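These protein sequence lines are chains A and B, in that order. So the mapping is simple: our numbering equals the position in the first sequence, first residue as 1, plus 8. So the mapping is simple: our numbering equals the position in the second sequence, first residue as 1, plus 6.
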Amino acid sequence: MIDPDTVTLPSVEVFSPDIEKYTFGNKVNTITEAELINFQGWPFSDFLQKRTGLFLRQYGSGMLSSLTMRGTSAGHNAVFWNGLPINSPSLGQSDFSIIPVGGFDQASVHFGSGGALYGTDAIGGAVHLTNKLKFGEGHQVRIGSLFGSFGIWNQQLEYGFSNQQFSARTRVYRNFSENDFPFLNITKFGTPMERQDHAKVIQQGGIEDLAWKINSKNLISSSIWWNGTEREIQPIMGSNTKDFQTDTNLRWVLDYFHFSKNKVWNLKSGLVRDDQVFNTSRNQTIQYFLAADMDWEIGRNWNSKTGIRYTYIVGNLSTFRAQESRIELYQSTNFQPNEKLSFSFNLRQMVFDRKIAPFTPSLGGEWQVWENQSSQILFKSNLARSFKVPTLNDRFWVPGGNQDLKSEKSWSGEMSLVYSFKKDNFDLNQRMTYYRMKVDNWIIWLPKGNIWNPQNIREVQNSGVEYSLELSQKIRNWNLALTTNYAWTQAINQTDISENDRSKGNQLPFTPEQKFQSLFSIGKGVFSTFLNFQRVGERFTGTDGSGRLEPYQLWDLGSNCNWSFKKLSGNIGFQINNLFNTDYQVMPLRAMPGRNYQFNLNIRI
Amino acid sequence: MKNSRFLLPLVWLTIFASSCTTNTTDPVDLPKGEFEDGVLIMNEGAFGVNDGEVFHYDPATGVIKENIFRTKNSRPFGGLIQDMVEAEGRLYLVANTGKVEIVIPKDFSLVGGVSLGLDNSRSLVSVNQRLFISDWGPYDGDFNNPDSYIAVVNDLNGGPIAKKIPVSSRPEGMIVAGNFIYVACSAAKKFDVISIASETLAASVAVEGTPSEFLQIEGRLFLYATDENNVFFHEVNPGNYTVVKTTKIPLTNPTPIIALGEGSEVFVVTSTGWPDYDDAVAKVSVNNGQVTNPSFYVGNGIYGIGFKIEGKEIYVAEHNGFQGNGSVFILSPLGILVKTLTVGKGPSGFIFK
Chain A
9 MIDPDTVTLP SVEVFSPDIE KYTFGNKVNT ITEAELINFQ GWPFSDFLQK RTGLFLRQYG
69 SGMLSSLTMR GTSAGHNAVF WNGLPINSPS LGQSDFSIIP VGGFDQASVH FGSGGALYGT
129 DAIGGAVHLT NKLKFGEGHQ VRIGSLFGSF GIWNQQLEYG FSNQQFSART RVYRNFSEND
189 FPFLNITKFG TPMERQDHAK VIQQGGIEDL AWKINSKNLI SSSIWWNGTE REIQPIMGSN
249 TKDFQTDTNL RWVLDYFHFS KNKVWNLKSG LVRDDQVFNT SRNQTIQYFL AADMDWEIGR
309 NWNSKTGIRY TYIVGNLSTF RAQESRIELY QSTNFQPNEK LSFSFNLRQM VFDRKIAPFT
369 PSLGGEWQVW ENQSSQILFK SNLARSFKVP TLNDRFWVPG GNQDLKSEKS WSGEMSLVYS
429 FKKDNFDLNQ RMTYYRMKVD NWIIWLPKGN IWNPQNIREV QNSGVEYSLE LSQKIRNWNL
489 ALTTNYAWTQ AINQTDISEN DRSKGNQLPF TPEQKFQSLF SIGKGVFSTF LNFQRVGERF
549 TGTDGSGRLE PYQLWDLGSN CNWSFKKLSG NIGFQINNLF NTDYQVMPLR AMPGRNYQFN
609 LNIRI
Chain B
7 MKNSRFLLPL VWLTIFASSC TTNTTDPVDL PKGEFEDGVL IMNEGAFGVN DGEVFHYDPA
67 TGVIKENIFR TKNSRPFGGL IQDMVEAEGR LYLVANTGKV EIVIPKDFSL VGGVSLGLDN
127 SRSLVSVNQR LFISDWGPYD GDFNNPDSYI AVVNDLNGGP IAKKIPVSSR PEGMIVAGNF
187 IYVACSAAKK FDVISIASET LAASVAVEGT PSEFLQIEGR LFLYATDENN VFFHEVNPGN
247 YTVVKTTKIP LTNPTPIIAL GEGSEVFVVT STGWPDYDDA VAKVSVNNGQ VTNPSFYVGN
307 GIYGIGFKIE GKEIYVAEHN GFQGNGSVFI LSPLGILVKT LTVGKGPSGF IFK
């Protein structure tokens, strides 16, 4: 497949800190703009569900989608936008269904504990969304449209200008879905085929990216993103609820970089404001950030990064108001004694609400076990501690909030073997990872009388295997590629909450033990075709293994054509999702669309 | 064909002979339905998962049959069950997700339902071949229910709603007495009276406490209500819906969860509230106006209670935090634990058959 982002002008990417720099021993996957281009305007959750080994709990089509990584809960992964943590401090998680593809250029997924690198929440992993601005590209216009079944109509317009000193880009988008797909209502007498009602989604937003290279030693960059989503909340099957939710997110980041001989200084400030209106209930959180760090190349073998981040949080929630300051110090060190051996050592300490969060160290390493002209075997390992401070809701919600809650904390270890082979036009990359994790002080909300109350009650031991395969072969003019991801996840509850509880020894609810995903593509010249498959194993709705949800498997088929005409270029694509019209539920009684079609067109000037 | 002329007389002869030998005064010994005996256990289900279900327990064999609605109808119930009412040869499963499913009690085969037009259904009574369903109505912006109603359905097998009778806020339990349907309206702290003949609201009577349920105790009609420190048994004259007498019994932290025991004995679930939430079952005597035992049983997360007349056993249901399946504890008349059952999510009620 030809990269549609290929540009003819020489360009230089605007500097941004390398997310993977201090992650030796960890698993980090990068999702490029080329992979995202045919999902223009779709919820990012749909992309992750379809194209990765990750599992998201989707409460309907276009509805709340929370990520679960390595068997941890929805709040156990940190999400960053251009280096700012954007998880809601009141909910402690991000809704991936309101993060549209097109709102960022690239995503990186860090698997496993990253508390020392990223701070609170990164127990199961972290997701980084970044904008990749470039210098020296001149004027650029891009128009992206996607039309699909059930009233999907996504549009994005982008204009950018950059020379060698200045770069600016403006993006606006509007995504719409009527979401009136037919489904079998299994909760009604006679199981009638009905059309989904009350599930419309309207999303619009705008992004402005700016970068100014003051001189060779100084750079300022800034991004601002406003994103508004109005949703009719898809009712659970058999229910007549008519809930509405509006989410408005404002994110702004300002970076100043100073480059000296062997140091990069970064001063970062930012703002993340989330407003949510559920029916008439209003919740608002604002996070202000101020951070500074210095990345220092001490010698040929040593790199160090030292930093401090201050966060001030204001919460105006429907039942309470709260303010909180957080300050965290962090230190990252890379040591590479020789070409075959690399280590990362990270430390972080946070203080929040005058309480000391768990101290989080991590140590990771990579060893090139074997190498010849075409092959390489890498051994990677990492040991990390992570934490999650209780959310504002956990502590202050009225009624039920518990101010005595402790931070959730975890220890995790992992080992990976990476095998790479490259010969002529054949590329092969395989990775097998085994991990173990123990999460303690896990917070769950339990009913006490009529009031639900959070408690540090659960201990969970997670373990699993992740396998990934990337294979590409060029035969004459044909390009063949296969990517496969498999995750075997065991998240075993170690505690019973009462004498009569039967949770101990069971898999956590809504956590599939198995997920498999594979994408095969074949292309010639400007044409390419793909077939994507995903299978999600059984899940349970109860902590004691009760309430089984059926496994499901979905196939998607699509074609793409890259084109150019005079000064215009772009791609045109057609896709059939859920090819075999499988009736499935990701979460219980949440209807999902059957076979559906989409057509997308991207134009670059 | 050759032998068929002999076959027909033979069939007639067989039928005649069998009809002569059958003693028509004895009842025909038909096999019993699978769920005609034993205990039906109503499991409300967990919020957001809506996995309400009915389990069947056979005390004779100790066998529990799980998810009998799903098993017999090949689909989930798909709702949060608030009440389970047996009437007119049918079993009505009332869900607060706005529907009623109707099954044949002996085998749980589905015969109909009400699925359109309901909002937050709570309970049901049948009278004159009609169904009357209490419904909180939709929530307003402050999570109140000012537009509560009783939905009328003109068919015992369900179907469309013929009429909605506006009633006071949050109607719960109902009872048919005389020419009226009595409705306990918890938020309004009233009981409403509906004329069966005209299907209109005849009266709305304020009472002390928060009413939740009507009881027939020794032939008399009572409305059960609570406040923080008392339970109230308002005796109502079914002829003219006046409150004849109120028996106020001091009892701390009573809940709406009750079961009628022997005579005028009522089991009341109590909960100490924040922060300990220790639950208990108290035994009160309506005739004496006294608490006879404030902690007949002590538990956690008690969500339902039932009294089995045969054997005088008390069934106490605990929800186990709605994280997984709940438990039912069978107690002897003296409160001694006889047996523990693992049941569905949020067990909340029983029908003893």
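Cβ coordinates follow ideal geometry from the N, Cα and C atoms, glycine included. As the structure is a computational prediction, the values presented were derived from the model and not from experiment.
Chain-ordered, the chain A residues with CB closer than 9 Å to the CB of B/Lys351 read Thr549, Gly550, Ser554, Gly555. In this structure, DSSP gives B/Phe328 a helical state, which the three-state scheme calls helix. Per DSSP, reduced to three states, the secondary structure at A/Ala130 is coil, with no helix or strand assignment. At a beta-carbon threshold of 8 Å, the residues of chain A lying near B/Arg81 are Ile194, Thr195, Thr199, ordered along the chain. Within the model, the alpha-carbon separation for B/Val242 versus B/Ser270 is close to 15 Å.
Of all residues in the stretch 160-183 of chain B, those with a C-beta nearer than 8 Å to a C-beta of chain A are Gly164, reading in chain order. Comparing C-alpha distances from A/Phe47 to each of A/Ser98, A/Asn346, A/Gln164, A/Asn37 shows the shortest one belongs to A/Gln164. With a beta-carbon spacing of about 7 Å, A/Ser567 and A/Gly581 fall inside the 8 Å limit used to define contacts. B/Phe83 carries a coil assignment under DSSP once its states are collapsed to helix, strand and coil. Cβ contact annotation for A/Asn257 (same chain, cutoff 6 Å, sequence separation greater than five): Asn235, Asp282, in chain order. In the same chain as A/Ser73, and ignoring 5 residues on each side of it, the C-beta atoms closer than 6 Å to its own belong to Ser53, Leu64, Gln66, Phe104, Ser105, in chain order. Contiguous alpha helix (DSSP H) elements confined to the stretch 279-314 of chain A do not occur, taking only those with 4 or more residues. As a beta-bridge residue in DSSP terms, A/Thr256 pairs with A/Gly236, A/Asp283.
Identification of chain B residues near A/Gly246 by a Cβ-Cβ cut-off of 9 Å yields Asn56, Pro82, Phe83, Gly84, Gly85, Ala101, Thr103, Gly104, Lys105, Ser121, ordered along the chain.
Just so you know, the alpha carbons of B/Trp142 and B/Gly341 end up roughly 36 Å apart.
The beta carbons of B/Leu343 and B/Ser333 sit about 11 Å from each other, so the pair does not count as a contact at 8 Å. Under the 8 Å Cβ criterion, the stretch 261-276 of chain A does not count as touching the stretch 237-245 of chain A, having fewer than three qualifying pairs. Per DSSP, B/Lys251 lies in no alpha helix (DSSP H); the unbroken beta strand (DSSP E) holding it starts and ends at 248-256. Linking A/Leu62 to A/Ser511 through their CA atoms gives a straight-line distance of about 24 Å. Bounds of the alpha helix (DSSP H) holding A/Glu43 are 41-44.
Per DSSP, B/Ser115 is not a residue of any beta strand (DSSP E), being assigned neither H nor E.
Taking B/Asp148 as reference, the option from A/Ser577, A/Ser289, A/Ser175, A/Gln463 with the minimal CA-CA separation is A/Ser289. Closest option to A/Gly110, judged by alpha-carbon separation, among A/Ile316, A/Phe191, A/Gln211, A/Pro190: A/Gln211. Checking the DSSP bridge columns, you'll see B/Tyr98 partnered with B/Val91, B/Ile108. Between B/Arg81 and B/Val100, the C-beta spacing is not below 8 Å. Only those residues of the stretch 310-339 of chain B whose C-beta falls short of 9 Å from the nearest C-beta of chain A are listed: Glu324, His325, Asn326, Gly327, Phe328, Gln329, Gly330, Asn331, Gly332, Ser333, Phe335.
For the pair B/Ile156 and A/Ser526, the Cα-to-Cα distance works out to about 54 Å. In the three-state reduction of the DSSP assignment, B/Asn294 falls in the coil class, being assigned neither a helical nor a strand state.
The C-beta of A/Leu75 has 16 or more other C-beta atoms within 10 Å across all chains shown, which makes the residue buried. With contacts defined by Cβ atoms closer than 8 Å, A/Phe360 and A/Arg393 do not form a contacting pair.
A Cβ-Cβ contact shorter than 8 Å links A/Val261 with A/Lys276.
Rounded to whole angstroms, the gap between the alpha carbons of B/Phe197 and B/Ser210 is 6 Å. Per the C-alpha coordinates, the member of A/Ser352, A/Pro398, A/Lys446, A/Asn346 positioned closest to A/Lys363 is A/Pro398.
For A/Pro455, the closest Cβ of chain B is nearer than 8 Å.
DSSP places A/Asp54 in no beta strand (DSSP E) but in the uninterrupted alpha helix (DSSP H) bounded by 52-59.
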